[in-house]
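K.L.:
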Amino acid sequence: MRLLSPIKDHLSERRIFLGRVILTSVFGVILLGIVVARLVQLQVFDYEHFAERSLGNRIRIEAVPPIRGLVFDRQGRVLAENLPAYQLELIPEQVADIDATLERLVRLELIEASEIPRIKQLSESGPRFKPVALNPRLDDEQIARFAIQRPRFPGVDFRPRLVRHYPQGEYIAHAVGYVGALSTADLEKLDPSRYAGTTQTGKTGIENSYESLLHGDSGFQHIVTNARGRRVPAESRDLQDTLPADEHPTPGENLYLSIDLDLQALATEKLAGRRGAVVAIDPWSGEILTLVSAPAFDPNLFAVGMSQSQFSALQHDLNRPLFNRAVRGTYPPGSTIKPMLAVAALETGATNLERRTVCYGFFMLPNTTHRYRDWKPEGHGPVDIHDAIEQSCDVYFYEISNDIGIDRMHDYLSLFGLGNETGIDVVGERPGLVPSTEWKRNAFRNRADQRWFQGETVIASIGQGFMLATPLQLATATAALATRGIRFQPHIVAAWEDPLTGERTLASPVRLDDIELSDATNWDTVIDAMNAVMQGPRGTARAVGSGAPYRMAGKSGTAQVFSVGQDEEYDEEEIEERLKDHALFVAFAPVDNPQIAVAVIVENGSSGSGVAAPIARAIMDRYLGYDDAAD
Amino acid sequence: MRLTETQRLVTGKAAPLSDFARALRRLHLDGPLLGGLLLICAFGLIVLYSAVGENMRLWFNQVIRLGVALVAMLVAAQFSPDFLRRWTPWAYLGGLVLLALVLITGEVGQGAQRWLDLGIRFQPSEIMKLAVPMMAAWYLHDRQIPPRFSQILIIALIIIAPTVLIARQPDLGTALLIAASGVIVIVLAGLPIRFMVALGVLSVPGAYALWNFMKEYQKQRVMTLLNPDSDPLGAGYNIIQSKIAIGSGGLFGKGWTNGSQAQLEFLPERDTDFIFAVMGEELGLLGVLTLLTLYMFVVARGLYIAIQAHSTYARLLAGSISLTFFVYVFVNTAMVTGLVPVVGVPLPLVSFGGTSMVTLMAGFGILMSIHSHRKLLPQ
Numbered sequence: 011m012r013l014l015s016p017i018k019d020h021l022s023e024r025r026i027f028l029g030r031v032i033l034t035s036v037f038g039v040i041l042l043g044i045v046v047a048r049l050v051q052l053q054v055f056d057y058e059h060f061a062e063r064s065l066g067n068r069i070r071i072e073a074v075p076p077i078r079g080l081v082f083d084r085q086g087r088v089l090a091e092n093l094p095a096y097q098l099e100l101i102p103e104q105v106a107d108i109d110a111t112l113e114r115l116v117r118l119e120l121i122e123a124s125e126i127p128r129i130k131q132l133s134e135s136g137p138r139f140k141p142v143a144l145n146p147r148l149d150d151e152q153i154a155r156f157a158i159q160r161p162r163f164p165g166v167d168f169r170p171r172l173v174r175h176y177p178q179g180e181y182i183a184h185a186v187g188y189v190g191a192l193s194t195a196d197l198e199k200l201d202p203s204r205y206a207g208t209t210q211t212g213k214t215g216i217e218n219s220y221e222s223l224l225h226g227d228s229g230f231q232h233i234v235t236n237a238r239g240r241r242v243p244a245e246s247r248d249l250q251d252t253l254p255a256d257e258h259p260t261p262g263e264n265l266y267l268s269i270d271l272d273l274q275a276l277a278t279e280k281l282a283g284r285r286g287a288v289v290a291i292d293p294w295s296g297e298i299l300t301l302v303s304a305p306a307f308d309p310n311l312f313a314v315g316m317s318q319s320q321f322s323a324l325q326h327d328l329n330r331p332l333f334n335r336a337v338r339g340t341y342p343p344g345s346t347i348k349p350m351l352a353v354a355a356l357e358t359g360a361t362n363l364e365r366r367t368v369c370y371g372f373f374m375l376p377n378t379t380h381r382y383r384d385w386k387p388e389g390h391g392p393v394d395i396h397d398a399i400e401q402s403c404d405v406y407f408y409e410i411s412n413d414i415g416i417d418r419m420h421d422y423l424s425l426f427g428l429g430n431e432t433g434i435d436v437v438g439e440r441p442g443l444v445p446s447t448e449w450k451r452n453a454f455r456n457r458a459d460q461r462w463f464q465g466e467t468v469i470a471s472i473g474q475g476f477m478l479a480t481p482l483q484l485a486t487a488t489a490a491l492a493t494r495g496i497r498f499q500p501h502i503v504a505a506w507e508d509p510l511t512g513e514r515t516l517a518s519p520v521r522l523d524d525i526e527l528s529d530a531t532n533w534d535t536v537i538d539a540m541n542a543v544m545q546g547p548r549g550t551a552r553a554v555g556s557g558a559p560y561r562m563a564g565k566s567g568t569a570q571v572f573s574v575g576q577d578e579e580y581d582e583e584e585i586e587e588r589l590k591d592h593a594l595f596v597a598f599a600p601v602d603n604p605q606i607a608v609a610v611i612v613e614n615g616s617s618g619s620g621v622a623a624p625i626a627r628a629i630m631d632r633y634l635g636y637d638d639a640a641d
Numbered sequence: 004m005r006l007t008e009t010q011r012l013v014t015g016k017a018a019p020l021s022d023f024a025r026a027l028r029r030l031h032l033d034g035p036l037l038g039g040l041l042l043i044c045a046f047g048l049i050v051l052y053s054a055v056g057e058n059m060r061l062w063f064n065q066v067i068r069l070g071v072a073l074v075a076m077l078v079a080a081q082f083s084p085d086f087l088r089r090w091t092p093w094a095y096l097g098g099l100v101l102l103a104l105v106l107i108t109g110e111v112g113q114g115a116q117r118w119l120d121l122g123i124r125f126q127p128s129e130i131m132k133l134a135v136p137m138m139a140a141w142y143l144h145d146r147q148i149p150p151r152f153s154q155i156l157i158i159a160l161i162i163i164a165p166t167v168l169i170a171r172q173p174d175l176g177t178a179l180l181i182a183a184s185g186v187i188v189i190v191l192a193g194l195p196i197r198f199m200v201a202l203g204v205l206s207v208p209g210a211y212a213l214w215n216f217m218k219e220y221q222k223q224r225v226m227t228l229l230n231p232d233s234d235p236l237g238a239g240y241n242i243i244q245s246k247i248a249i250g251s252g253g254l255f256g257k258g259w260t261n262g263s264q265a266q267l268e269f270l271p272e273r274d275t276d277f278i279f280a281v282m283g284e285e286l287g288l289l290g291v292l293t294l295l296t297l298y299m300f301v302v303a304r305g306l307y308i309a310i311q312a313h314s315t316y317a318r319l320l321a322g323s324i325s326l327t328f329f330v331y332v333f334v335n336t337a338m339v340t341g342l343v344p345v346v347g348v349p350l351p352l353v354s355f356g357g358t359s360m361v362t363l364m365a366g367f368g369i370l371m372s373i374h375s376h377r378k379l380l381p382q
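Chains as they are written, first to last, in my numbering: chain E, 11 to 641; chain V, 4 to 382.
1) Quick one: which chain V residues come within Cβ less than 8 Å of H59 (chain E)?
2) Roughly how far, in whole angstroms, is the beta-carbon of A304 (chain E) from the beta-carbon of A290 (chain E), given that I think they are within contact range, below 8 Å?
3) Let's test the definition: count the other Cβ atoms within 10 Å of the Cβ of G70 (chain V) and tell me whether it reaches 16, buried, or not, exposed.
4) With 16 as the cutoff for other CB atoms within 10 Å, does G29 (chain E) come out buried or exposed?
5) Within this structure, are the beta carbons of E513 (chain E) and L482 (chain E) separated by less than 9 Å?
6) Tell me whether E507 (chain E) sits in a helix, a strand or coil according to DSSP, three-state version.
7) Could you list which residues in chain V have their beta carbon closer than 7 Å to that of R48 (chain E), in chain order?
8) Chain V partners of L52 (chain E), CB-CB under 8 Å?
9) Cβ of R494 (chain E) within 9 Å of Cβ of A539 (chain E)?
10) If we cut at 9 Å on Cβ distances, does E23 (chain E) have a partner in chain V?
11) Looking at the unbroken beta strand (DSSP E) that takes in V50 (chain E), where does it start and where does it end?
12) According to DSSP, is D83 (chain E) helix, strand or coil?
13) Taking 9 Å as the CB-CB cut-off, is L324 (chain E) touching chain V?
14) Could you pull the start and end residues of the beta strand (DSSP E) that Q231 (chain E) belongs to?
15) Assign S566 (chain E) to buried or exposed, taking buried as 16 or more other Cβ atoms, counted over all protein chains shown, within 10 Å of its Cβ.
16) I'd like to check one pair, E219 (chain V) with A248 (chain V): are the Cβ atoms closer than 9 Å?
17) At a CB-CB cut-off below 8 Å, which residues of chain V make contact with L328 (chain E)?
18) Candidates E:W449, E:A360, E:L351: which alpha carbon is nearest S402 (chain E)'s?
19) What whole-angstrom Cβ distance do F255 (chain V) and T336 (chain V) have, given they're in contact under 8 Å?
20) Leaving out five residues before and five after E466 (chain E) in sequence, what residues of the same chain have Cβ atoms less than 6 Å from its Cβ?
21) Whose C-alpha, out of E:K140, E:V142, E:Q152, is nearest the C-alpha of L118 (chain E)?
22) Kindly indicate if chain E contains any beta-carbon less than 9 Å away from that of Q154 (chain V).
23) Check the DSSP bridge columns for N264 (chain E) and list the partner residues they point to.
24) Of all the CB atoms in chain B, is at least one closer than 9 Å to the CB of I26 (chain E)?
25) Would you kindly work out how many angstroms separate the C-alpha atoms of E613 (chain E) and A398 (chain E), rounded to a whole number?
26) Counting along the chain, where does the alpha helix (DSSP H) carrying L363 (chain E) start and finish?
27) Does the segment 366-375 of chain E come within contact of the segment 335-353 of chain E, defined as at least 3 CB pairs closer than 8 Å?
28) Taking P141 (chain E) and E113 (chain E) to be in contact with their CB atoms under 8 Å, please state how far apart those CB atoms are, rounded to whole angstroms.
29) What does a CB cutoff of less than 6 Å around L61 (chain V) pick up in its chain, not counting 5 residues either side in sequence?
30) Look up Y341 (chain E) in the DSSP assignment and give the residues it is bridged to.
31) Quick one: measure Cβ to Cβ for G296 (chain E) and V503 (chain E), integer angstroms, because I've assumed they're closer than 8 Å.
32) DSSP has D167 (chain E) in a bridge; who is on the other side?
33) Alpha carbons only, please: which of E:D637, E:E134, E:A607, E:Y188 is nearest the one belonging to R497 (chain E)?
34) Take S245 (chain V) and list the residues in its own chain whose beta-carbon comes closer than 6 Å to its own, dropping the five residues that flank it on each side.
35) Output yes if chain V places a C-beta closer than 9 Å to the C-beta of R514 (chain E); else output no.
36) Taking a contact to mean a Cβ-Cβ separation below 9 Å, would you say I611 (chain E) touches A623 (chain E) in this structure?
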C-alpha cells in the first residue's frame, strides 16, 4: 500500500457501497419484474393465441391421391390397371455435387443426357428436401445396375409409385385411350380439390370421357413437419397425438366395357400393316363390341412418359397412329349406303319392286353427254332393286337418284344417323356429312357454288361427292337396318362399380327415335338383298359369305380417293399406293336374329368385298361362336 | 432478531459449523453460493438434454465442460483477494494484447473473429469479462470513494479500450456486457447521481453514434425487435418462434422433451441463446420462475458477500461479478421474450457452450475467495 495514499474513511465507504447495492438491487428487481410480467403476458394471457400458432406451425396437410378405377372388357379381363413403377429420384440437399452425380448417372445409362438441364432447373427451384424425378420408370436391368452402384450415389434412390398400365397395349389403344401427365391446362378445367396430389389425367378415349368416374376424390392427411417442412418420422408419436382426423381418398370407379378383347385382338391382327378401322356393335343395345383403329400405338408410352423423340416419331408418322379413325376418320361411304337409299327409294316411290333397268355400264343425264360409269364396265344387264343391291349396280341407283332427290336422300340417311354425331361416350367423334341443297347454300360463299347440280345427286347415290361418314356411323346405321329401324345410342361403357362396396351401376341403353316405314316389307326387301350380297348367287361378297353356318347380310363399298393432301410428301410408290380406292364393308348377322353389326374400312384397300369383307366375316364368326368354321 | 429460513440461508449466520461446512471453508468455498450454482447447473442440464434433441454425446460434452468450470471455480477460490489485486494490471494488459492479436491473426468463426489458437482455442474477450471489473476495482482500491471526475474519466478509458477492441471483432453483445461490468464498478463506488442522469441524457446522441457504428446485421436486429412480424421468415423469425414457444408453454408447459417448437426445430439456436424458450415451452411459467428464483438467490448471495467484503477492491469486484451475472440473465431472458434486440448473450450456466461457463464459474470462485479469505476481526 502506498504511503502517500489518502487516509480512507472506511465507514463512509461502506455506507456509500451499501446504498449503491440497495439502489442497484431495486433497479434489478424492477428489470426482473418486467421480464416476469412479460412471461405472464406470453404464457398466461396470450397462451391460447400462441398455443394455436404452435399447432399451426408443425402440422401440414398433405394430399393423398386416389387410386384410379380399373377398366375391364365385357368378360372381366383387365384393360387398364395401376402398377408400381420404380422412379429414380434425387434429393437436392443430400447431394454434394449435382453436376457430377448426374454425369455419372448418364454414364450408367440411367438418365438421358438431354434431361440434365431440366433436372438441374427442377432441383434448384423447389424445396431442397423435395425429391426430383430423374427417370419415371426404371426397367429391371436399370434397377439392377443402380442397386449395385447405390452406395456411390448418396441422395439418389428409387421409389415405387403407381403408374397406369395397359396390359393389352395397342389392342385397346383407341378404345380405352390413355392417361398422361396432368398439365396446367388440365388443372384449369378440373376441380383442384379433387385433384390435389394427382399427377395423371385421362387424355383420350374413355380414360378422358369417364375421367370424373375413374379418378375418384383426393383425400388428405395431417402430418407433423419440422421447421424445414420435412416430415417427422412416426416414432415421435407423442407429437402426433393431437392431430385432427385425416380424410381417406375415395378410389375411382371401376369400368366394365362392352368391348370384347378377343374381337379387339382379332380386328387389330386383321388390320395389321394397313390403315383402317373396325367397329362392331350390338344392334339391340348400342353396345360397342369392338372399336379398332389401325395403326395403333402403345398407350403405356403416354402413361409412363416418353422421350420427346419418341413422341415426335408418333406424331409425325405418315400413318398417323394417334389418329382414331373409328370415330374421327371421315370417308366417302361409297356403295355401303345403297341399302339405305333403297329404303328411301321404296318409301318415297322413286322405285318399286317391279322397276327394272338395263345396265349398259354407264348412265347419262337427259340432254347431257357426260357418262357416269358403273364399276363394271360391261354393265349388269337388266336389274331390279334386289339385283342392284346384290350386285351393287351403280347405274340403277344413278337412274333413281333424281327421282328420290338429294333432299329426300339427306332426310333418309339422316334417319339412320349419318351426318350427325352418334353420341358415343368417346370424345372427339366427327359428324361426317350428308349433303343437301340447303347445306350447299350455306356451305359456300361463291354464289355459283351454292347451286345444287343434278350430277351431284347422281354421284351422291353411290356415296361419293360431298358425302362423308365415320366407320362408327356406318356401324350404327347398319345396326339400324339390322333391327329394322330400332336405334340405340352407341356406348362403350356397360357398367361401373364402386370398388369399396362392389355396387354396380349398369349403363342403360339409350334408345333413339325409331325409323318408321310406311311399308315394313321394304325392310325385308333390302335385308334380303343384303343377304344376297354375301350369300346370293351373284352377290359381290359371295366369296366371303359362302359356306357360313348362319345367314348374314352385308354391303361392300369402294370409295374413290380424289386427291392427296398437298402439304404431305410422298415418294412415287407411296403416291400410287395412297391413290388406291378405300375398301369398305358393312354387315350384320344373323339375318333373322341380328346380334352384331360391323363396319370395316381399309384405307387404299382397293376392294371392299375383297379386302374389307373378310375382316367383317371374321369378326362375326368370332362373336357368334363360329370361328372354327371360318378357317 | 429471529431469522427466517431463507435469511438464514443467505446470511449463513445460523448455520451450524458441521464437518461438511468445515470442509467447504478449508477449500475456500461458500456453501449457499455453491448450492445455488449447482442447482442452476442441474436444472440447466435437464433442460439442455431436451434442447440438444436428446443427443447423449452433446449432453455429456456439456457435463464435462461443467466439470472443468467447477474446477476453475475451485482454483479461483484459492487465490486470496490481495493476490488477485496485485496481479490485476498484468491480467488486464495481457488481455488487451491478446485482443489486439485476435484482430490481427484471429480465426474466423461465424463471420466474426473471436478465437485465438494458443494450443487450445479460446476467446480473449473471456479474460476481459473478469479483467475489466478487476482493473476498475484495482484503480479505485486505494482512492477515496466516491471517485472524482478525473478518476471517473480514467476508469472510462480502462473500460472503453477493451470494449472497442471486442466491438471491432465484431462482438457487440460481449463488448456491451464487459462495458456494463466496468460501469457497475463505478456505480457501486458511488458515481454521483447527477452523472448518471447526465449519462442518461447523453445516451440519446450516444445511441445515434452507436447506430452508425453498428453493422448491418446488428441494425437489422434492432429493427426486427421493433416489428418482428414485418419479416416473419427473415430476421423476425427467431423472435416470433421464440415467443410462440414460450407462449404455447402456458403455466405448466408441454412436458419435458415434448416441446414441438423446440423438438421440431422451429426454434432457432434452441440449445444456446434460445434455451430459455425451450424451458418456457416445455416446463411452462412454473419452470422459468423456478430458474429465475435460483438465479436471484445466487445474485443475492453474491451481493451479501460484497457487502461483507473487507477491502474496497474485494467489495467492488464482488458487487460487479454478482450484478453482471444478473445483467446476463436479464439480457438473455429479455431478448428471448422479445423485450430487447437479439444480441447473442447465452443464458448463464444453462446454454450449451464451454468458454463462457468457465469464466462465469471462475468469477464465482473469486466471490468465494473474497468471502472465505476475510480476516474475521471484530468490526
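We treat Cβ as the ideally placed atom computed from N, Cα and C, and that holds for glycine. Here the structure is a predicted model, which means the values were calculated and not measured.
P.N.:
Taking the coordinates as given:
1) Near H59 (chain E) (Cβ distances below 8 Å), the residues of chain V are G250.
2) Wrong, their Cβ atoms sit about 14 Å apart, outside the cutoff.
3) exposed
4) With fewer than 16 other Cβ atoms within 10 Å, it is exposed.
5) No; because the gap between Cβ atoms is not below 9 Å, this pair is not in contact.
6) strand
7) T340, L342
8) K246, I249, G250, G283, T340
9) no
10) yes
11) Not the beta strand (DSSP E): V50 (chain E) falls in the alpha helix (DSSP H), residues 20-50.
12) coil
13) no
14) 229-234
15) buried
16) no
17) Correct list: empty, because the minimum Cβ distance to chain V is about 56 Å.
18) E:L351
19) Rounded to whole angstroms, the Cβ separation of F255 (chain V) and T336 (chain V) is 19 Å, and the two are not in contact under 8 Å.
20) Excluding positions up to five away in sequence, the list reads G475.
21) E:Q152
22) No, no contact with chain E.
23) Per DSSP, E:E507.
24) Looking at the structure shown, chain B is missing, and the protein chains on hand are E and V.
25) 25 Å
26) Neither: L363 (chain E) is in no alpha helix (DSSP H) and is coded neither H nor E.
27) no
28) Actually they are not in contact, since the Cβ atoms of P141 (chain E) and E113 (chain E) sit about 19 Å apart, beyond 8 Å.
29) V55
30) E:A479
31) Contact flag wrong, Cβ pair sits at about 11 Å.
32) For D167 (chain E), DSSP records a beta bridge to E:E99.
33) E:A607
34) Counting only Cβ-Cβ distances below 6 Å, and skipping sequence neighbours, we find F277, A280, V339.
35) Answer no: the Cβ-Cβ gap between R514 (chain E) and chain V never drops below 9 Å.
36) no
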